[in-house]
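Novice:
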Amino acid sequence: MGYLFIVIASVSVGGQFALSKVYKNKIIASNYTDLFFNFGMGAFSMLIFAVICLGNVGFSWYSFGLAAGVALCNVAYMLCNLRAVMYGKLSVFTMFLMLGGMIFPTIFGVLFLGETMSWFKIAGVVLLVFSMIFSVTEKTGEKNSKKFYLLCFIAFVCNGLVSIFSKVHQISENALDTFQFSFWQSVVVAASVGILLLICAAASHKQENFALAVRQTAGAKSLGLIFLITVIMRAGSVLMLFAAKDVPASLLYPLMTGISIVVTAVFGRIFFAERISKINFISLCIDTAAVILMIF
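Numbering (the UniProt record's numbering), first residue to last: 1 to 296.
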């Protein structure tokens with residue numbers, strides 16, 4: 001079942017990507033709208049998991065600590081994303097983010113959890129890393145600054161820690177259940193981003209288009225989209241946590257990364273007519289081969 005969960009979770013990533021792009025196209029671009037989007041997802045997630053748990057969310061300092069670690073790392077790389085787009089290519093930032101989420105837990109699984117990898121799996125991981133790096137080699141004439149690469153490195157580490165914290169929690173005997181763990185993640189995200197949102201609002205309330213941004217984000221269509229994206233995202237994340245109980249970290253996260261890349265590219269082509277360049281196509285072919293190798 002773990003591998004089925006990975007496939008469904010990967011499809012949810014594509015759905016989240018597609019709907020997030022719809023949201024971005026309907027809302028004015030600003031730090032406030034980006035923060036509100038993440039705050040809304042945190043708040044809706046908190047309510048969803050509270051209902052699923054029937055109010056019995058439980059508590060342990062161990063699970064809360066790991067949940068807070070996951071949440072704060074998520075917030076950290078979200079903030080890096082907001083700044084990174086000012087200094088360089090989003091595709092390069094995303095590559096660093098996904099590599100961190102794949103490489104860290106793979107190394108952790110082999111070194112600390114006693115996981116073994118076949119030569120096929122090792123070849124698959126190497127191919128996947130190569131395909132991701134190759135996909136951002138297209139010449140655009142845009143030079144990335146040192147600040148940009150610092151932000152990329154922070155995101156690389158943070159997403160890697162998210163994967164490790166999640167895996168460690170799911171294989172711990174005395175931890176809260178998956179839904180309770182997800183609830184406390186959502187609480188920390190909503191609280192931390194909520195504070196940032198208030199600070200942003202106080203600093204930018206006199207700026208042009210701020211009132212428009214507030215009206216748009218508070219509208220029924222905007223909130224409805226955020227809720228739908230949250231449901232899809234959280235369904236995928238819960239399935240990933242379920243898979244983490246049984247599937248080795250050295251296979252789970254590379255496989256999830258590889259399938260997600262393919263699904264996202266396909267969704268982008270189908271729903272938004274995004275152009276797939278020669279480099280993108282070659283990269284996707286390599287990525288597909290990597291996923292096939294990791295199965296063996």
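Built from N, CA and C at the ideal position, the CB exists for glycine as well.
#1: Just to confirm my understanding: we take M239, look at its own chain, exclude 5 residues before and 5 after, and list those with CB closer than 8 Å. What are they?
#2: Would the region 23-34 count as touching the region 165-173 if we require 3 or more Cβ pairs under 8 Å?
#3: Just the Cα atoms here: how many angstroms apart are M86 and Q180?
#4: Can you grab the Cα-Cα spacing for the pair S63 / A273, in whole Å?
#5: With distances taken between CB atoms, is the gap from S186 to S45 smaller than 8 Å?
#6: What's the C-alpha gap between I52 and V247?
#7: Is it right to say W61 is buried, meaning 16 or more other beta carbons lie within 10 angstroms of its own, or is it exposed?
#8: Check whether the Cβ atoms of F96 and C152 sit closer than 8 Å, and answer yes or no.
#9: Could you tell me the boundaries of the alpha helix (DSSP H) in which G258 lies?
#10: Under the rule that 16 or more other beta-carbon atoms within 10 Å means buried, what is M132, buried or exposed?
#11: Count the C-beta pairs between the region 107-123 and the region 287-296 that are closer than 8 Å, then say yes if the count reaches three, no if not.
#12: Inspect the CB distances between the region 213-231 and the region 77-85 and report whether three or more fall short of 8 Å.
#13: Taking the alpha carbon of N25 as the reference point, which residue from M256, A213 and L176 has its own alpha carbon closest?
#14: Rounding to the nearest angstrom, what Cα-Cα distance links A18 and I195 in this structure?
#15: So, V188 versus A67, is the Cβ gap smaller than 8 Å?
#16: Determine the DSSP secondary structure at S12, reduced to helix, strand or coil.
#17: With distance defined between alpha-carbon atoms, name the residue in L128, G114 and A71 nearest to M98.
#18: If you reduce the DSSP assignment to three classes, tell me which class N74 lands in.
Specialist: In short:
#1: Looking up residue 239 in the sequence shown gives position 239. For the record, residue 239 in the displayed sequence is Leu; it is not Met. So the list reads F5, I6, I8, A9 and S12, once near-sequence residues are dropped.
#2: no
#3: Locating residue 86 in the sequence shown gives position 86, counting from the first residue. Locating residue 180 in the sequence shown gives position 180, counting from the first residue. Distance between the alpha carbons of M86 and Q180 is about 37 Å.
#4: For the purposes of this step, residue 63 is taken as residue 63 along the sequence shown, with counting starting at 1. For the purposes of this step, residue 273 is taken as residue 273 along the sequence shown, with counting starting at 1. Cα to Cα, the separation comes out at about 43 Å.
#5: As a first step, residue 186 must be located in the sequence shown, where it is residue number 186. As a first step, residue 45 must be located in the sequence shown, where it is residue number 45. Yes, the pair counts as a contact, with Cβ atoms nearer than the cut-off.
#6: The residue labelled residue 52 in the question sits at position 52 within the sequence shown. The residue labelled residue 247 in the question sits at position 247 within the sequence shown. Those two C-alpha atoms are separated by around 25 Å.
#7: Position 61 of the sequence shown, counted from the first residue, corresponds to residue 61. With fewer than 16 other Cβ atoms within 10 Å, it is exposed.
#8: Reading the sequence shown from its first residue, position 96 is the one you call residue 96. Reading the sequence shown from its first residue, position 152 is the one you call residue 152. Result yes, Cβ atoms of F96 and C152 sit closer than 8 Å.
#9: For the purposes of this step, residue 258 is identified with residue 258 of the sequence shown, where counting begins at 1. Unbroken alpha helix (DSSP H) run through G258: A249 to F272.
#10: Counting from 1 along the sequence shown, the entry for residue 132 is found at position 132. Classification of M132: buried, given that the 10 Å Cβ count is 16 or more.
#11: yes
#12: no
#13: Mapped onto the sequence shown, residue 25 falls at position 25. Nearest option by C-alpha distance: A213.
#14: Translated into positions along the sequence shown, residue 18 becomes position 18. Translated into positions along the sequence shown, residue 195 becomes position 195. Their Cα atoms are separated by approximately 28 Å.
#15: Taking the first residue of the sequence shown as 1, we reach residue 188 at position 188. Taking the first residue of the sequence shown as 1, we reach residue 67 at position 67. For V188 and A67, yes; Cβs fall inside 8 Å.
#16: For the purposes of this step, residue 12 is taken as residue 12 along the sequence shown, with counting starting at 1. Helix at S12.
#17: For the purposes of this step, residue 98 is taken as residue 98 along the sequence shown, with counting starting at 1. Cα-wise, what sits closest to M98 is L128.
#18: Numbered from its first residue, the sequence shown carries residue 74 at position 74. In the structure shown, N74 sits in a helix (DSSP, three-state: H, G or I).
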